[in-house]
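**Q** I'd like to ask you about the structure that follows.
In structure tokens:
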């Protein structure tokens, strides 16, 4: 039942608003500092279930380059980022690879897919 | 002062406070023992002994209180028993400018010669870290070996650089006489008209006269106005100058690489990554070869060209007749944008300054980068190549005084090397009486580069008088091809080469316009580039304004492919890989 | 060969400019992109993090996705491109000398040229860190390329100097790859990159962040062994004696500034702005040499690729118009000057007479809260924006309408505090 004052830096856009919120039991009581709605959404999500995008690369066989970059299609729970990264260590894709090709479905039970973020042609 | 032990001891006692030094003189070598408080005092004591005309070498065994450990760390090193090379005529220890010059000279004869170097490339000591001035041979004080060899060596550079295909330019040096030329103490006594006459007329003429007495050719006295016409960017109030036209500029490591390559092409065996631990001798202390970390090399003669470690190597043969006191020199390199800033090497005459260095210069490299320095800092550590902030400021102030409008913000790199200085501050090149078969080629500091061809001839003469049979090899080929330099080529030549070989069409280093082909050639040469830094020294990839920001990953990839090793094993230099491992997902 | 439009650099700036020129009516066959890398995209393929295209695409794309979008458009349009091609020289009459393995040495004469060469990173030597020169000292962009494209690590324990966006993003990447980042050290009193990166790269990973600090010495002969860090006096930037601390590390990552890469511009004699390091351009992004335009990081360093794209589209359109006959020039140029708390503006002048509004981009010199950014002509405020906060890492802009400029000789851009 206690009220807490917390400070957040919103990561939604380059403004990076410093948001001060008074919270009670993970609910926002007061909020100021955000210049748009997204800021409030961000704080809500940080309180209940902080999420982050995961980006990285996976190994490529026979491609123009040895790695291809990937991302999670949506944000995933922040605490799953480390184990998700570890799962990617075992992946090797063979060129040619398409843009937004699915790399791993439902990574670590998040219901979010990992996809490539560029095409990768075969090595000449 | 005579060269007697008592006199030297007395002078040290009075000039170096807080010291307790005993001196013994034997056969022209002064042996100092005892202690001093500071390193500066230690060097001062050594110099007092070394300045003496009767002394040809100074050996020290002195405790310096402020230095924790005077001994170089004894590392765990392998000393395999296996004889890896039998019955060489000569082993040369150290592939710096001396070792490689001697190797090339010896390759003219029918001899089995092995050149041994502990690093992964040649020229990695002071030989790569000097400014590349091929000095004219003007020297201070007493007659020295370095002066004789410098005069002779300097004159040999035109022919040799043409044979060996190394860019070399005699741009001359302008010694300026300025407000800082006279020591402050003297200035305060001089009436201004006397000062003016001294600075404008007397001093330049004295310098020219002195130079001529020392057989330096190509000297000319200039008025302040004439000096300023030659170098318009100089500050306004230059009093006078002396132009010395035999000064040349060269890339010092390119010179050494060229010598080594020609030597190898003419039959010298080069063993890199091989460290000589000690000289092996028989019961009469005659040299029989060297013990390296890969095994034993048998040889009749050993040339000790081991730079800062020459004293330690000589000691293993019981033939230590000199102690090296390291003296660091830092240099700053500026952007090529300023390559036309000065046409000559420019220096400043300063009486009462540091006696043991040339005072440094504002010069430029053959590729057009202005280069200022070096400093002269006595350091206890033979491996101390750090560039301090004080040194950077010292260099900027010293030459910024002469060139007040120079864009010092265009600095692209600074580095340091360590001089292998003896206390006599002269070369020590002698056949050792104590260890027959050992030729010491030590104390090669400036003008070592200019002297190098003459040092080589001198050493071969010594070998001859020590009994080595010198039969000329009729197959000796003096010519060496330095490989293409895309950046310097005309458009037609570039087109031609790209047509023959498409690897000339891919540029790897954008700052210096180095092509993939040049990098591949560097890895394939008689003295091959095995590391990122070795590629840099041969091709200039990484020497530009972005300091390998663009080319680093590309050079690493090429080395990986050409040497057949994974990327994480590519070295930047010995003991340091460029990258550490694959990423976790790799 | 002779072409209508040559674009040097095929990163987001070059790609956007080429497409915009095509849309403005230049045939795709007459447009040639010159790119030194093995593929199109510039620096974007190594920027695998998201944060791109927020404004242009309403979504948070990664660098490679942003690049792929434009690369596919260029390919669909049939615009020419030359890969592995280094431009060596430009002459005043707009002839580019370039070289690649397949086509050899080429001379490309163009009716108009767009410069889009981007920028390079400041080196350790340019900021004069004393000490030794061991292996293990890297600019942040090189580390990014090594990790994200080559799949190799620079080291295991890193110190990062500079809190530019690239530095912070690399800090996170190093941690994700199992290396330790001992800390990020920033010489200024506030971060030089975006606040969201301080959060999602440093705080999220518990990476210590030290403002008012710098590296004052590098230690190690072969491989980096450690660095000395010191606190600095914020007024003088001099290290405070007694605050030195030795930090053991095997990697020093430098994120200490980007420098627009204008060596080619200098060769052709284009006038450069000393404050930006890039060419002086007018509202159409034309440089001081007729028919040569500039866009993207080669003109000044942007934070957001969206702004790069916007500027490049303007340059592409302008170059197309130049090829088609050119815009009329004003009788008198109007200079755009930097006033209170403004470091520089792009463009630096207005030279053409047309009706389109001029968007002026600028950066402030220091952080201020509750201010107005203003454009002032003859003492009168013609445009202003109320801002809760302005800071150097975030680029600002003001749009000026032509009707306010009829009698003007100068536009002053400033930050105004009430």
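Chains as they are written, first to last, in this note's numbering: chain A, -17 to 106; chain B, 13 to 598; chain C, 106 to 523.
Glycine included, each C-beta is placed from N, C-alpha and C at the ideal position.
(1) In chain order, which continuous runs of the beta strand (DSSP E) of length 3 or greater are located wholly inside the segment 351 to 416 of chain C?
(2) Any beta carbon from chain C within less than 9 Å of residue 60 (chain A)'s own beta carbon?
(3) Taking the straight line between their C-alpha atoms, what separation do you get for residue 598 (chain B) and residue 328 (chain B)?
(4) How is residue 160 (chain B) classed by DSSP in three states: helix, strand or coil?
(5) If you measure from the beta carbon of residue 63 (chain A) to each beta carbon in chain C, is any gap under 9 Å?
(6) Let me check understanding here. Comparing Cα to Cα, which of B:443, B:116, B:144, B:346 lies closest to residue 480 (chain B)?
(7) Whole angstroms are fine: how far does the CA of residue 428 (chain C) sit from the CA of residue 451 (chain C)?
(8) Given that residue 596 (chain B) touches chain A, what residues does it touch there, using C-beta distances under 9 Å?
(9) In whole angstroms, give me the CA-to-CA distance for residue 514 (chain B) and residue 162 (chain B).
(10) So residue 561 (chain B) contacts chain C; which residues on that side make the cut at Cβ distance below 8 Å?
(11) Closest to residue 189 (chain C) by C-alpha separation, out of C:162, C:171, C:141, C:518, would be which residue?
(12) Could I get the ranges of all uninterrupted alpha helix (DSSP H) runs contained in the segment 317 to 382 of chain B, with 4 residues as the minimum, in chain order?
(13) Would you call the segment 265 to 275 of chain B and the segment 170 to 184 of chain B in contact, with 3 or more CB pairs under 8 Å?
(14) When the Cα atoms are used, what is the spatial distance from residue 330 (chain B) to residue 101 (chain B)?
(15) How about residue 321 (chain B) and residue 308 (chain B): are their beta carbons less than 9 Å apart?
(16) Measuring only between beta-carbons, confirm whether residue 39 (chain A) sits less than 9 Å from chain B.
(17) Give the secondary structure of residue 429 (chain B) by DSSP, where H, G and I count as helix, E and B as strand, and everything else as coil.
(18) For residue 263 (chain B), name the three-state secondary structure that DSSP assigns.
(19) Using a Cβ distance threshold of 8 Å, determine whether the segment 218 to 225 of chain B contacts the segment 390 to 399 of chain B, with at least three qualifying pairs required.
(20) Would you mind working out which of C:197, C:177, C:136 sits nearest residue 397 (chain C), comparing C-alpha positions?
(21) State the DSSP-derived secondary structure class of residue 118 (chain C), mapped to helix, strand or coil.
(22) Please name the residue in B:38, B:54, B:523, B:63 whose C-alpha comes closest to that of residue 348 (chain B).
(23) Against residue 530 (chain B), what residues of chain C qualify as contacts under a CB-to-CB distance less than 7 Å, listed in chain order?
(24) Cβ closer than 7 Å: which chain A residues qualify as neighbours of residue 154 (chain C)?
(25) Does the distance from the C-beta atom of residue 85 (chain A) to that of residue 75 (chain A) stay below 9 Å?
(26) From the DSSP output, in three-state form, read off residue 434 (chain C) for me.
(27) What are the partner residues of residue 485 (chain C), as DSSP defines its beta bridges?
(28) Grab me the residues of residue 420 (chain C)'s own chain with a C-beta within less than 6 Å of its C-beta, minus the 5 sequence neighbours each way, in chain order.
(29) Use the C-beta contact count for residue 345 (chain C): other C-beta atoms within 10 angstroms, 16 or more gives buried, fewer gives exposed.
(30) Chain A partners of residue 144 (chain C), CB-CB under 9 Å?
(31) Terminal residues of the continuous beta strand (DSSP E) containing residue 43 (chain A)?
(32) Establish whether the CB of residue 592 (chain B) and some CB of chain C are separated by less than 9 Å.
(33) Kindly indicate which three-state DSSP category residue 598 (chain B) falls into: helix, strand or coil?
(34) Kindly identify the DSSP beta-bridge partner or partners of residue 202 (chain C).
(35) Are any of the Cβ atoms in chain A nearer than 9 Å to that of residue 184 (chain C)?
(36) Compute the distance between the beta-carbons of residue 144 (chain B) and residue 378 (chain B), then report whether it is under 9 Å.
**A** Put simply:
(1) 356 to 359, 363 to 365, 397 to 399
(2) Indexing the first chain from 1 puts residue 60 (chain A) at position 78. Closer than 9 Å: yes.
(3) Numbered from 1 along the second chain, position 586 holds the residue referred to as residue 598 (chain B). Numbered from 1 along the second chain, position 316 holds the residue referred to as residue 328 (chain B). With a pLDDT of only 45 at residue 598 (chain B), under the threshold of 50, the placement of this residue in the model should not be trusted; the figure read from the coordinates follows. C-alpha separation (whole angstroms): 48 Å.
(4) Along the second chain, one-based indexing puts residue 160 (chain B) at 148. The answer is helix: DSSP assigns residue 160 (chain B) an H, G or I state.
(5) For the purposes of this step, residue 63 (chain A) is identified with residue 81 of the first chain, where counting begins at 1. Interface residue, yes.
(6) Here the question's residue 480 (chain B) lines up with position 468 in the second chain. Nearest of B:443, B:116, B:144, B:346 to residue 480 (chain B), Cα basis: B:443.
(7) Mapped onto the third chain, residue 451 (chain C) falls at position 346. Mapped onto the third chain, residue 428 (chain C) falls at position 323. Residue 451 (chain C) and residue 428 (chain C): Cα-Cα distance of roughly 23 Å.
(8) Against the second chain, residue 596 (chain B) aligns to sequence position 584. Those are 67, 68, 70, 71, listed as they occur along chain A.
(9) Along the second chain, read from residue 1 onward, the residue named residue 514 (chain B) stands at position 502. Along the second chain, read from residue 1 onward, the residue named residue 162 (chain B) stands at position 150. Cα to Cα, the separation comes out at about 44 Å.
(10) What you label residue 561 (chain B) is simply residue 549 of the second chain in a count that begins at 1. Within 8 Å Cβ-Cβ: 225, 226, 228, 244, 246, 247.
(11) Counting from 1 along the third chain, the entry for residue 189 (chain C) is found at position 84. Among C:162, C:171, C:141, C:518, the Cα nearest to that of residue 189 (chain C) is on C:141.
(12) 322 to 328
(13) yes
(14) As a first step, residue 330 (chain B) must be located in the second chain, where it is residue number 318. As a first step, residue 101 (chain B) must be located in the second chain, where it is residue number 89. Those two C-alpha atoms are separated by around 21 Å.
(15) Stepping through the second chain from its first residue, residue 321 (chain B) is reached at position 309. Stepping through the second chain from its first residue, residue 308 (chain B) is reached at position 296. In this structure, residue 308 (chain B) does not lie closer than 9 Å to residue 321 (chain B) by Cβ.
(16) Here the question's residue 39 (chain A) lines up with position 57 in the first chain. It does; some Cβ of chain B falls within 9 Å.
(17) Here residue 429 (chain B) refers to the residue found at position 417 of the second chain. Looking at residue 429 (chain B) - three-state DSSP - the assignment turns out to be strand.
(18) The residue labelled residue 263 (chain B) in the question sits at position 251 within the second chain. Correct three-state label for residue 263 (chain B): coil.
(19) no
(20) By one-based count along the third chain, residue 397 (chain C) stands at place 292. Ranking C:197, C:177, C:136 by Cα distance to residue 397 (chain C) puts C:197 first.
(21) Position 13 of the third chain, counted from the first residue, corresponds to residue 118 (chain C). The answer is helix: DSSP assigns residue 118 (chain C) an H, G or I state.
(22) Residue numbering aside, residue 348 (chain B) sits at position 336 when the second chain is read from its first letter. It is B:523 whose Cα lies nearest to the Cα of residue 348 (chain B).
(23) Walking along the second chain from the start, residue 530 (chain B) turns up at place 518. What residue 530 (chain B) touches in chain C: nothing, since even the nearest Cβ is about 13 Å away.
(24) Taking the first residue of the third chain as 1, we reach residue 154 (chain C) at position 49. Neighbours of residue 154 (chain C) on chain A, chain order: 37.
(25) To locate residue 85 (chain A), count along the first chain from 1; it is residue 103. To locate residue 75 (chain A), count along the first chain from 1; it is residue 93. Yes; because the gap between Cβ atoms is below 9 Å, this pair is in contact.
(26) The residue given as residue 434 (chain C) occupies position 329 in the third chain. DSSP places residue 434 (chain C) in strand when its eight states are reduced to three.
(27) What you label residue 485 (chain C) is simply residue 380 of the third chain in a count that begins at 1. Residue 485 (chain C) pairs with C:482.
(28) In the third chain, the residue the question calls residue 420 (chain C) occupies position 315. Once the five neighbours on either side are set aside, the close Cβ partners of residue 420 (chain C) are 122, 219, 390, 398, 400.
(29) Here residue 345 (chain C) refers to the residue found at position 240 of the third chain. Exposed: under 16 other Cβ atoms inside 10 Å.
(30) Stepping through the third chain from its first residue, residue 144 (chain C) is reached at position 39. Near residue 144 (chain C) (Cβ distances below 9 Å), the residues of chain A are 46, 47, 103.
(31) For the purposes of this step, residue 43 (chain A) is taken as residue 61 along the first chain, with counting starting at 1. That run of the beta strand (DSSP E) goes 37 to 43.
(32) As a position in the second chain, residue 592 (chain B) is number 580, starting the count at 1. By this cut-off, residue 592 (chain B) is an interface position.
(33) Walking along the second chain from the start, residue 598 (chain B) turns up at place 586. Reliability fails at residue 598 (chain B), whose pLDDT of 45 lies under 50, so the model's placement of it is uncertain and no value is given.
(34) In the third chain, the residue the question calls residue 202 (chain C) occupies position 97. DSSP output for residue 202 (chain C) lists C:194, C:212 as bridge partner(s).
(35) In the third chain, counting from the first residue as 1, residue 184 (chain C) sits at position 79. No, residue 184 (chain C) lies away from the interface with chain A (no Cβ there is under 9 Å from its Cβ).
(36) For this step, residue 144 (chain B) is matched to residue 132 along the second chain. For this step, residue 378 (chain B) is matched to residue 366 along the second chain. Going by C-beta atoms, residue 144 (chain B) is nearer than 9 Å to residue 378 (chain B).
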